[in-house]
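Colleague: What follows is a single structure, and I will ask about it in a moment.
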Amino acid sequence: MKGRIEALMPSPPLERIAELERLVHRIVDDLEAGRDCDALIVQIDAEAGMPGYTRNTFIELHGWTSPREFAELAALGRPPAVPDLTEQEIEECLNFIGGGEPETHFYLGVLENSFPHLPVSDMIFHPQEELPVARLAAEILRRGRTSGPILL
94 MKGRIEALMP
104 SPPLERIAEL
114 ERLVHRIVDD
124 LEAGRDCDAL
134 IVQIDAEAGM
144 PGYTRNTFIE
154 LHGWTSPREF
164 AELAALGRPP
174 AVPDLTEQEI
184 EECLNFIGGG
194 EPETHFYLGV
204 LENSFPHLPV
214 SDMIFHPQEE
224 LPVARLAAEI
234 LRRGRTSGPI
244 LL
């Protein structure tokens, strides 16, 4: 049985991922050809839960991911904020980060949305001091409790 954190990750149908991948290719092709694709970008942004995709997202796409992985990420939608994350659940999120492109972005998004007043990404990828996962989870929770309210 899946735990609460693992259950947050949706399982979009392969057809939806393929449809989004075609849309990503179309946007990239239109950008490269100098055609207007703003409506397509708005469409994929809405389908992905409004993460804020822009023309630059797709211009820089090949520098950080493939169209397929981007489609998989977009199909997951916006990661939720979980206002009552436990230290163990934060640790689970941290363990999922690095599992693959869509999983990393999704679980990082869960942490960032759950602790909007913390520089979660910096704490994970650019720490002042390297911490074991359990200690990092404890630090995120400690700082999260003192940094302000969790916004949903």
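Taking my numbering, the leading residue of the sequence shown gets 94, the next gets one more, and so forth.
Note that beta-carbon positions come from the ideal geometry of N, C-alpha and C, so glycine has one too.
No experiment lies behind these values; they were computed from the predicted model shown.
Could you tell me which uninterrupted alpha helix (DSSP H) segments, each at least 4 residues in length, are contained entirely in the segment 130-208, listed from first to last along the chain?
Modeller: Taking only runs of at least 4 residues, the alpha helix (DSSP H) segments lying wholly in the segment 130-208 are 131-140, 148-152, 160-169, 180-189 and 194-207.
Colleague: For the alpha helix (DSSP H) holding M216, just list the boundary residues, first then last.
Modeller: V213 to F218 is the span of the alpha helix (DSSP H), which, as asked, contains M216.
Colleague: What's the gap between the Cα of G192 and the Cα of Y200?
Modeller: G192 and Y200: Cα-Cα distance of roughly 10 Å.
Colleague: Roughly how many whole angstroms lie between the Cα atoms of V135 and R228?
Modeller: Roughly 40 Å separates the two Cα atoms.
Colleague: Is it buried or exposed for H155, if we count other Cβ within 10 angstroms and need 16 for buried?
Modeller: It is exposed - the Cβ of H155 has fewer than 16 other Cβ atoms within 10 Å.
Colleague: Checking 8 Å against the spacing of the C-beta atoms, do V117 and A164 come in under that value?
Modeller: Yes, the pair counts as a contact, with Cβ atoms nearer than the cut-off.
Colleague: Excluding the 5 residues preceding and the 5 following T158 in the sequence, name in chain order all residues of the same chain whose CB lies nearer than 7 Å to its CB.
Modeller: If we look at T158 and ignore the five residues flanking it on each side, its Cβ neighbours are E194.
Colleague: Should the segment 180-190 be called in touch with the segment 120-139, which here means at least 3 C-beta pairs below 8 Å?
Modeller: No: fewer than three Cβ pairs fall under 8 Å.
Colleague: I'd like the list of long-range same chain contacts for N206, defined as Cβ closer than 6 Å, with 5 residues on each side in sequence excluded.
Modeller: P172 and A174, listed in sequence order.
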